[in-house]
Structure formats: structure tokens, C-alpha cells
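Chemist: Structure incoming, see below.
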RNA sequence: GCCGAUGUAGCUCAGCGGUAGAGCACUUCCUUGGUAAGGAAGGGGUCGGGAGUUCAAUUCUCCCCAUCGGCUCCA
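Structural data, given as C-alpha cells:
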């Protein structure tokens, strides 16, 4: 008999060789029907795999991320099995589970898969799934494994196996399909009830662009058709919220081939929105002791040679701008930090002046690879809500806390309720590859973690993710559809102060090296507006909406009253426009709803007589009428409350 | 940059070896209205660009450009 310990620390006894599935059965039939995988003594384990010794066990169902991973990993095998049957002679790379489903990289040889093939593969997968094929785990020795895949002619698997240690190699077989795999897998294929292959893409073997490009097939599976349907609805919803679509519909921004790819143009309404965001942040930054600056869009090449960016990124950037003058070269600025370093250096700084906080909405230009461009989220020119804080080493923690406060205010005002942080620290095994003194790093890393704890910010630590020049803290928000986006960032930099030989005079009358902190609560205006658009589906908070109110006269007879109303509202800084079209009121309401204006004011005979407005809120029905004064007061109050949601 | 797909009116899209169509939007007229599409008429396209095949190319082929889905990269 062996002792099995459950997550609640209770212990039960079982025969040696019992499987997690057997254990589940002993608890309840229902659980047994749903167990997809398990963790045994900290190792991922098949539900059907025997346990030979005392163990701590955790059972996973579809509701656990681990259960989903097992399901999707098994689905990848199922898809490979289907593809192998449909298309002879294909070779397989790797096929893992991912956040939302799975993929398999396949060398299809002379065959080109198209979207149309995906439907056939889906059908085949469902056919195989219904056969209730068991996933059988087999231990193999390296020599046999190599021989098996060499005979099959699958050089990708051979390469993978040759890198594995003998004695650790396992196959999983389902039906006629055998794959190199460490598992775990679901008990059998019948759990896979609904299949959707989502897309086809090219992917380099092992992510190396010098190697062969394989065809990557993405898919997702579910234990119930209903869940697939729900997932497809979610995808539809995401499509509706696509910021590129909303950006056009709401007339916020545009792109133009003549201007150039990846170069967004902000339209009047988009600009109004962006300026409002900038003003909001500027005001907060003033409270937090920032000084606003403006620097040119280009900088001398030598600036970037000194900063080190030229060596690092110069070859993959926009080419230098030359002038009639021999040897004179400028670069479009890819970041604002070198300029700001010059501002710090411009006059002697005392320890009493620190920290110096220099802020700029700085537009930068980066030559992103053309295939990487995407709406407003990946562009070649964007404006960072940048600031650089030059401080003493003992001030790092306090500065982090202050920046975190700003980010919190911003996120709250924009209704991002869920956010968390990722702390990126050095690779503990290799301190060599980082610049800056070891003790400073240690101090800053500790400061960041303490700051998170003090602010009660949920954060997880990633080792080895720090930049070579310093540790950082990134903010991830979850939007209304539960998607995660990386927005704000705070980064410590030991590199630039060194390269630009920045210093301040300490109390000891000696020169000291300041610590530089880069930070951008929005990240970039472009990216932030994109995320905000998708988060609120274009229904901006009232304070931000480019147009807050639309006045809908019932007929042309009331146009005069509408115009007077508009100017009256303007006195209270309420942004209102009038639908002057010769259309019926029902039509005007419909169109105003589609344009997502927060408030509609219907005005006709009655309103004119009473100097009142009939109010309708976007997405709601008639709210009844109120006096024009009461309406203006209500809007002003609401805007104020939204902005002060701190 | 690489793989694949796409590119037809401002938008969403249909069509096709015989040089274009719908809906919405736009303009004008009629209607002057009360909480999600009133009616009529009209204007608008070198069918992404270039070359080739053909009696004839928006349609077929090739090359470019842009967009989309991925890969890679991200100071």
C-alpha cells in the first residue's frame, strides 16, 4: 500500500500502481469522468499512469490551466495523427499547447496547406477522437528512438532526440500515430468533442530564421460543443472591438500609403482624445514634481554612438539623415533618453536637487520590421509619455513608489480594474552580462520588490528578464474581455549615466553617479489608445469622449434652440454637436448610438417651450427630461468624478 | 525581413477572358417628424501599381506595393 496526500493534506491509502484516474474514481464518478491530468510529487503525470510510491497528488480537470494544457497538447497529437493520415509523407516538428489552444509545426514537403484543408483536418480529427484512442506512454531508449524516426525520415524528431538524455525519452501513441513526447496526455481522445483550427502560418524550425520554415497550424479544442461556440462568440466580440476597425468608424486615426506604413495619422477626434489623456497625465506629473521639456525629433549620430544605441541597433534602424555638409549625420530619435541626459548634464546638479524628473511626450521613430506592424500597437512612429528620473541610489525605492502611484491613478481613471506587475530581474547565474555595480543592482532589485509589497501590487518575478542596463517593472492590464496587455513600464538604467558621464555633487563635495529611471505610464500614446479602445469597445469614459453629447432636433424647426443649447453647454466645457440632418428622430438616435456618443439630447416643441432637454444615454433608453441647467450640472459633475477616481 | 492569404466606390462586400455591381455613406428633392434605418432621384471606380500572354485582361502569369494571420525582433 502507498500513501497518497491530497492538496488539503488529507492522506488515503491505495495499492501501489494505482493511477490518478483510479484515485479520482475512489472519490467520485463525476470527478473520474473529468480528470484530464495530474501532478504527482511535483511532476506532471498522466491520469492513467501508475503511481508506485507514496506521493502528493493534485488532480486537474478542464477547469485547471494544467488540465487545459493536457487537453490541448493531446489535441496537437490528434491533429498530427489526422494530418499524417490525410497527407502522406509530412514530417513533424514540435506541437505544444499554448495559452489558447495548440499548434503543430509541420514540414508538408511539396504540399501547400490552405484554409480549405483545415476543414478536412477538423473532420478527420473528430472522426479519430470518436474512436476513443488511448494515449499510451512508452519508455524507449535513445538508440531505438533515433532509429525509429530515422527510418521514418523525420529529421526534426531525430534532431530533438539527439539532444535528449538516454533514459528520459518517452513516446506517446494514439491509434497509429507515435510521437516523441514527455506528456502528460489526457486518458483518451474522446474528451475532445469540438475542434476549431484557427489559422495557418509560417514558423521557422526552432525559431531560427536561417533554418527551414515549417507550416504552423493553430487550433483549439473543447470538451463540449457549447464551449467552442462561446469561444467563437468571444472571438467575434474581439473582432468588433478591434481598434483598427473602431479607429476608422470613430474617425480617430488613419494610415496612408503615401505617408508610409506604420506611420499613424491622428485625426481631429483622435487628437482631441489623445491631448486629453496627455493633459490629464501632465497635470498629475506636475503634482509629482516633474518638469516638462521639448526636444527635437532628430539627434546627431554621435549622440547615439555615445549612448551605445548606434552599435546595438544602428544597422536595423532608419538610415542616418545626411546634409549638404560633408560628414554631417543625424538620426531620427528612437528614444528620448539621450536628449534628456543632455538636459541633466546641462548644468551642475547638487544632491539637494535630486531627484530631477524630466518629462516629455516625445515622438520617436523605430524601424520595426514590416511584417510586425499592426494597427496602433506596433508602429514606426509613436509618442512615448516618457520621463527620466535622475536620482540618488537611496531614492530609487521612493521614486518607484511615486511612479506606481501615478500609474495607479491613470489606470483607475480609465477603468482598468485588473492589473498586475512583472518584475524583471537579473539571471541569478550570470551577473556578468549586466552593466553597473553589483551592489547597486542588488539594491535596486530589492527596492522594486519592496515597493510592490508596500503598494500592495500583485507582482511576479521573472529572473533573467532584466535588460542588460537595469531591472524593470512592467504593468499588465486585463481588458474587459480578459485579454492581457503590457502597458506602463518603469526601468532602472545604470548604463546611460555611465556612458554620458552624468554626475551630481554630493554632500561630500565629490562627484557621484546618479541612477536613471525610465518610466512611461501609458507606454506610448498609440498603444495605450489602442488598448483603451479595445477595452471599452469605443465607449470612452465621458471625460475622454471626443464628443460627449449629440443634440438631436426633432425637426428643423428646433435648430435654433439646438444651437443655443450647444453654446450654453460649451460654457460649461461640455463638448456637444448637433445632428442637423433632415432625418426622422428614430434615425438620428440610431446613428448616434452607432457612433457611441455618451449622451443624446432630443429637443422639440416641448423642450423649446420649457428650456429643457430629453436625455438618452448611450446603450440605454429614454431617461426622461430635465432642465438644461440640471443636465449641464450633471455632466460637469460626472466628468469631475471620473477624473478624480483616485 | 520570412511563410501564407488578401487587395473591386468613402465603408462592407459580390462578380468575371468581352473594360463593372449591391447595401451603407455622400448630393439634391419630397416629407417636418418624439426615442435604433421615411421616400425618390443623382454623383462616384485607370477593379492596388507595373509588365507579359491574348483579337480582347479587373479576370490568366510574373514582378512590385500595401494590408491581414503568424514567425523573427523589440532600445
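In our numbering, the protein residues as written are 65 to 710. Where a beta carbon is used, it is the ideal one built from N, C-alpha and C, also for glycine.
1) Per DSSP, what are the beta-bridge partners of residue 549 in this structure?
2) So, helix, strand or coil for residue 67, using DSSP?
3) Hey, residue 332 and residue 108 are a contact pair by Cβ (cut 8 Å); roughly how many whole angstroms apart?
4) My understanding is that residue 330 touches residue 338, with C-beta atoms under 8 Å, so please give their C-beta distance in whole angstroms.
5) Going by alpha carbons, who is nearest to residue 415 out of 617, 579, 647 and 583?
6) Pull up the DSSP beta-bridge partners for residue 108, would you.
7) Go to residue 294, then tell me how far its alpha helix (DSSP H) extends in each direction, as first and last residue.
8) Report yes if the C-beta distance between residue 373 and residue 452 is below 8 Å; otherwise report no.
9) Residues in the same chain with beta-carbon distance under 7 Å from residue 193, minus the five sequence neighbours each way, listed in chain order, please.
10) For residue 125 versus residue 83, is the C-beta distance shorter than 8 Å?
11) Report back the beta-carbon spacing between residue 260 and residue 292 to the nearest angstrom; my notes put them in contact at under 8 Å.
12) For residue 197, report the span of its beta strand (DSSP E) as first-last.
13) Is the Cβ-Cβ distance between residue 607 and residue 703 less than 8 Å?
14) Along the chain, where does the beta strand (DSSP E) that runs through residue 445 open and close?
15) Just the C-alpha distance for residue 377 and residue 540, rounded to the nearest angstrom, thanks.
16) Go ahead and pull the three-state DSSP assignment for residue 133.
17) Tell me where the beta strand (DSSP E) around residue 262 begins and ends.
18) Out of 590, 117 and 81, which one is the CA nearest neighbour of residue 67?
19) Between residue 398 and residue 471, how many whole angstroms is the CB-CB distance? I'm expecting something under 8 Å.
20) How long is the line joining the alpha carbons of residue 311 and residue 654, rounded to whole angstroms?
21) Would you check if the distance between the CB atom of residue 668 and the CB atom of residue 618 is smaller than 8 Å?
22) For residue 171, which beta-bridge partners are listed by DSSP?
23) Can you check the stretch 312-385 for any alpha helix (DSSP H) of at least 4 residues that lies completely inside it and give the ranges in chain order?
24) For residue 88, I'd like the list of residues in its chain whose CB is within less than 6 Å of its CB, leaving aside the five on either flank, ordered along the chain.
25) If you compare alpha carbons, which of 564, 304, 103 and 262 is closest to residue 711?
26) Look at the alpha carbon of residue 408 and the alpha carbon of residue 459, and state the distance between them as a whole number of angstroms.
27) Within the chosen definition, does the stretch 637-657 reach the stretch 597-604 through at least 3 CB pairs nearer than 8 Å?
28) For residue 614 and residue 568, which I take to be in contact (beta-carbon distance under 8 Å), what is that distance rounded to the nearest angstrom?
29) Buried or exposed: residue 527, going by 16 or more other Cβ atoms within 10 Å of its Cβ?
30) Determine the direct distance from the alpha carbon of residue 440 to that of residue 309, and round the result to whole angstroms.
31) Looking at residue 473 and residue 554, is the spacing between their C-beta atoms short of 8 Å?
32) CB residue 535 to CB residue 515, shorter than 8 Å?
33) Let's test the definition: count the other Cβ atoms within 10 Å of the Cβ of residue 711 and tell me whether it reaches 16, buried, or not, exposed.
34) Tell me whether residue 495 is buried or exposed, calling it buried when 16 or more other Cβ atoms sit within 10 Å of its Cβ.
35) Is it right to say residue 321 is buried, meaning 16 or more other beta carbons lie within 10 angstroms of its own, or is it exposed?
36) How long is the line joining the alpha carbons of residue 80 and residue 132, rounded to whole angstroms?
Modeler: By the coordinates alone:
1) 541
2) strand
3) Going by Cβ atoms, the distance from residue 332 to residue 108 rounds to 55 Å, so no, they are not a contact pair.
4) 6 Å
5) 579
6) 103
7) Bounds of the alpha helix (DSSP H) holding residue 294 are 289-304.
8) no
9) 142, 253, 254 and 256
10) no
11) 6 Å
12) In the DSSP assignment, residue 197 falls outside any beta strand (DSSP E) and carries neither an H nor an E.
13) yes
14) 445-455
15) 26 Å
16) helix
17) 258-268
18) 117
19) Actually they are not in contact, since the Cβ atoms of residue 398 and residue 471 sit about 24 Å apart, beyond 8 Å.
20) 20 Å
21) yes
22) 155
23) 332-351, 365-371 and 373-377
24) Once the five neighbours on either side are set aside, the close Cβ partners of residue 88 are 95, 96, 99 and 123.
25) This structure does not reach residue 711, given that the chain is present from 65 up to 710, and the question cannot be answered.
26) 17 Å
27) Counting Cβ pairs under 8 Å, fewer than three are found: no touch.
28) About 54 Å; that fails the 8 Å criterion.
29) exposed
30) 11 Å
31) no
32) no
33) Lying outside 65 to 710, the shown extent of the chain, residue 711 is not represented and no answer is given.
34) exposed
35) exposed
36) 28 Å
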